[in-house]
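Novice: Sequence order for the protein chains is A and B. The first sequence maps to residues -6 to 245 in my numbering. The second sequence maps to residues 66 to 379 in my numbering. Below you will find the structure I want to go over with you.
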Amino acid sequence: MDKVALKTMDKPTVLEVREATKRFGGLVAVNQVSFDVREHEVIGLIGPNGSGKTTMMNLISGALKVSDGYIMMGDNLLSDMPERKIAQSGVARTFQLVRVLAGLSVLENVMAGAVFGHRKLWGKGLEVYAMRQLERVGLAAAANKPTSALTYIDQKRLELARALAADPKLILLDEWLAGLNPTELQTGIELIASLRDEGRTIILVEHVMDAIRSLCDRCVVMSSGIKIAEGTPAEVLSDKAVIKAYLGDDYE
Amino acid sequence: MTRKEIIGLILVPVAFIILAFLPSLPNSANLLSLAIPIAMFTVLATSWAIFSGPTHYISLATAAFYGVGAYTMATWLDVLPYPVILLIAAVIGAVFAAVVGFATLRLSGVYFVIFTLGLAEMTRQVFVWYQNNFGGTRGHYVFTDITEAQIYWQLLALGLLVYLVGWWIGRSRLGFAIRIIGADELVARHSGIHTARSKVLLFMVSGAFAAVVGVVMAPRFVYIEPAMAFNPQLSFLVAIMALLGGIHRLWGPLMGAIPFALVWEFIASNFPAQTILLMGIAFLVVVYYIPNGVAGVVEGWYHKLKAAGGEKHG
């Protein structure tokens, strides 16, 4: 175990996933997965397509209910709560397919994150606070534009600003870096790195290996709904089971 | 408060005060027979749009609330003081909307539309059944000494109230929540919004207004029976007018109610047999050609003008 992992070893646990299981009819999308997330930690949730990563994210954020097992955050049993309660207890997320609020201005999009959730701001204070989140992600100049004026990466930035506006204890980023060109990708990685340096606690589902190596303290690897490995990026990426899951049986 | 809002808060009541002098004009009887439907539809369409505008849930239940209001009036006219009846109708309308809302707002799009249409019909049948079995008579007489002018003034007051309520909601957390819900309900839930409660609250507002309008209008009918009080045509007209005017602005439905009520009056008196056909055509035309309503068209012109002016100056 290297020193990065040691850094967070003694920190309190933010999220506790225990034997989480999700069945869709006969299909078991997530099968008895357990892991912990500690304060200030960046956890990478990785695995081949269809391995249940996004389903796991949906279980944590409440978009889906667990069929078995439980998810706790502090004293809150998240797996028993509706989405809004989970948001109010301090979980914010972005979506795999970017979801900005059309018809609302860029600034209003960010404000949406800070009114009803973990933070309950209103009035001038809300505007100033939302503006600060836009500055944080580098979108301040677009504050009063309609969302239709934004490029793809700016929409992703906006979604991130909305999540940050909630002042969450835990941020879920579902393939936030997907679909960016190489230059944008670099910017994106730097942005998430700066969040990590602020001490945010983050779970990210990601396919971009560079991002996983440079951002994550630990990784949880899933394949066909099962957790097959857990450890530092270097550990899991050299793990035989992980390599097999990604590249198949024939790989020697 | 912005300067625009302060100007609005002064101008709108002034406009209403001026309108209140209409009954003292010469030949006011004719004017009132036009002004009352316009005022009525403005209140109904504006309160309808407070719910349906941001949520995009097209409700055809207006007639149900309106009819319940009319029957509230007919039932308690001789027993309770008039202001109490208004209040009771508002509460009944709101509670009725809450029950319906919690049962149906999980339905989306076309299912909600069909349900609300069916609801009005079902409510009517319940009243028919009740009257046949327990009421003795089919209908109710509503004899009052309320004049046309008084009905008009009440509708004006309701109009002012609906604007104040709409304006207040627009500035409130509830108004913001409902705009987020309208844009993306999933994001709304994940932002901590109680989506069902927010939608039901707004549906209650529009239900309460429609019920109170039903009370106010009841004396005009003199004789109230279910087919008239729960006429589904009312629900369609309200939806058409609101859509014609534009539902993304508080003043939009007014832009639809005035021209449509005038045209409707003309159609009803000249082509009484074709009203439903013409109403259907009007509905199609509005939805196809002016999806953002008159308010949207006006705003489009305004932005164009402003852009053109900006170019000249710049």
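We treat Cβ as the ideally placed atom computed from N, Cα and C, and that holds for glycine.
Could you check whether the Cβ of F28 of chain A sits closer than 8 Å to any Cβ belonging to chain B?
Specialist: F28 of chain A does not count as touching chain B.
Novice: Counting only runs that start and end within the region 234 to 295 of chain B, where is the beta strand (DSSP E) found for 3 or more residues in a row?
Specialist: Listed in chain order, nothing qualifies, since the region 234 to 295 of chain B has no complete beta strand (DSSP E) run of 3 or more residues.
Novice: Closest by CA to L96 of chain B, which one among B:I179, B:E330, B:N335?
Specialist: Checking every option, the nearest Cα to that of L96 of chain B belongs to B:E330.
Novice: Can you give, in chain order, each stretch of the beta strand (DSSP E) that sits fully within the region 71 to 133 of chain B and has at least 3 residues?
Specialist: List check, beta strand (DSSP E) in window: nothing returned.
Novice: Quickly, what does DSSP pair M215 of chain A with across the bridge? List them, please.
Specialist: The partner list for M215 of chain A (beta bridge, DSSP) reads A:K220.
Novice: For F336 of chain B, name the three-state secondary structure that DSSP assigns.
Specialist: Of the three classes helix, strand and coil, the one that applies to F336 of chain B here is coil, per DSSP.
Novice: Alpha carbons only, please: which of A:G83, A:V30, A:K237, A:A158 is nearest the one belonging to L114 of chain A?
Specialist: The residue with the shortest Cα to Cα distance from L114 of chain A is A:A158.
Novice: Measuring straight from C-alpha to C-alpha, what distance separates L166 of chain A and V201 of chain A?
Specialist: Taking the straight line joining both Cα atoms gives about 13 Å.
Novice: Output the boundary residues of the alpha helix (DSSP H) element that contains G310 of chain B.
Specialist: First-last of the alpha helix (DSSP H) with G310 of chain B: 297 to 310.
Novice: Where in the region 139 to 206 of chain B do unbroken runs of the alpha helix (DSSP H), each at least 4 residues long, occur, reported from the N-terminal end onward?
Specialist: As far as the region 139 to 206 of chain B is concerned, its whole alpha helix (DSSP H) runs of at least 4 residues are 147 to 169, 175 to 195.
Novice: Ordered along the chain, which non-local residues of its own chain (more than five positions away) have a Cβ less than 6 Å from that of T6 of chain A?
Specialist: Answer for T6 of chain A: D29, R31, listed in chain order.
Novice: Checking contacts by CB at 8 Å: is G379 of chain B closer than that to chain A?
Specialist: Model confidence at G379 of chain B stands at a pLDDT of 39, short of 50, so the residue's coordinates are unreliable; what they give is reported in the following sentence. So no, G379 of chain B is outside the interface.
Novice: How long is the line joining the alpha carbons of L184 of chain B and P297 of chain B, rounded to whole angstroms?
Specialist: Those two C-alpha atoms are separated by around 10 Å.
Novice: If you check the beta carbons only, do L170 of chain A and L178 of chain A fall under 8 Å apart?
Specialist: Closer than 8 Å, so yes.
Novice: Mind reading off the beta-carbon distance from V214 of chain A to I36 of chain A? Whole number of angstroms is fine, and I expect it under 8 Å.
Specialist: At roughly 11 Å, the Cβ-Cβ gap does not stay under 8 Å, so V214 of chain A and I36 of chain A are not in contact.
Novice: Would you say L208 of chain A faces chain B, with C-beta separation under 8 Å as the test?
Specialist: Output row for L208 of chain A: interface = no.
Novice: Taking the C-alpha atoms as reference points, what is the distance between V91 of chain A and R155 of chain A?
Specialist: About 12 Å.
Novice: Would you mind telling me which residues of chain D sit closer than 7 Å to G106 of chain A, beta carbon to beta carbon, in chain order?
Specialist: Going by chain labels, chain D is absent from the structure shown, which instead holds the protein chains A and B.
Novice: Considering only residues of the same chain and omitting the five flanking positions on each side of I305 of chain B, which have a CB-CB separation below 8 Å?
Specialist: Correct list, in chain order: G321, F325, M344, A347, F348, V351.
Novice: Pick out whichever of B:I71, B:L99, B:A261 has its Cα sitting closest to the Cα of L172 of chain B.
Specialist: Closest option to L172 of chain B, Cα to Cα, is B:A261.
Novice: Say whether chain B places a C-beta atom closer than 8 Å to the C-beta of L97 of chain A.
Specialist: Output row for L97 of chain A: interface = yes.
Novice: For the putative contact between A85 of chain B and L221 of chain B, defined by C-beta atoms under 8 Å, what is the C-beta separation to the nearest angstrom?
Specialist: About 6 Å; that satisfies the 8 Å criterion.
Novice: Output the distance between the C-alpha atoms of A360 of chain B and Y63 of chain A, rounded to the nearest integer angstrom.
Specialist: C-alpha separation (whole angstroms): 51 Å.
Novice: Closest to A222 of chain A by C-alpha separation, out of A:H33, A:L38, A:K4, A:R16, would be which residue?
Specialist: Out of A:H33, A:L38, A:K4, A:R16, A:L38 has the C-alpha closest to the C-alpha of A222 of chain A.
Novice: What are the boundary residues of the beta strand (DSSP E) that includes D29 of chain A?
Specialist: Segment 20 to 31, the beta strand (DSSP E) holding D29 of chain A.
Novice: Would a check of beta-carbon distances place T6 of chain A closer than 8 Å to chain B?
Specialist: By this cut-off, T6 of chain A is not an interface position.
Novice: How many angstroms separate the CA atom of L57 of chain A from the CA atom of K46 of chain A?
Specialist: Taking the straight line from one Cα to the other gives about 13 Å.
Novice: Measure from the alpha carbon of R254 of chain B to the alpha carbon of each residue in A:V229, A:N42, A:G55, then state which is nearest.
Specialist: Here the closest residue by C-alpha is A:G55.
Novice: Should the region 104 to 111 of chain B be called in touch with the region 212 to 229 of chain B, which here means at least 3 C-beta pairs below 8 Å?
Specialist: Contact holds: three or more Cβ-Cβ distances are below 8 Å.
Novice: I'd like the span of the beta strand (DSSP E) that includes K149 of chain A, first residue to last.
Specialist: Taken as a continuous stretch (DSSP letters only), K149 of chain A belongs to no beta strand (DSSP E), being part of the alpha helix (DSSP H) at 145 to 158.
Novice: Can you find a C-beta in chain A that's less than 8 Å from the C-beta of R189 of chain B?
Specialist: By this cut-off, R189 of chain B is not an interface position.
Novice: Under 8 Å Cβ to Cβ from K4 of chain A, same chain only, skipping five residues before and after it: list those, please.
Specialist: Hits under 8 Å: R31, E32, H33, E34.
Novice: From the beta carbon of D3 of chain A, is the nearest beta carbon of chain B less than 8 Å away?
Specialist: Chain B contact via Cβ: absent.
Novice: Note down, in chain order, every chain B residue with its Cβ under 7 Å from the Cβ of W115 of chain A.
Specialist: In chain order: R238.
Novice: Quick one: which unbroken alpha helix (DSSP H) runs of 4-plus residues sit fully inside the region 78 to 128 of chain A? Chain order, please.
Specialist: The qualifying runs are 99 to 108.
Novice: Under the rule that 16 or more other beta-carbon atoms within 10 Å means buried, what is P284 of chain B, buried or exposed?
Specialist: When all chains shown are included, P284 of chain B counts as buried.
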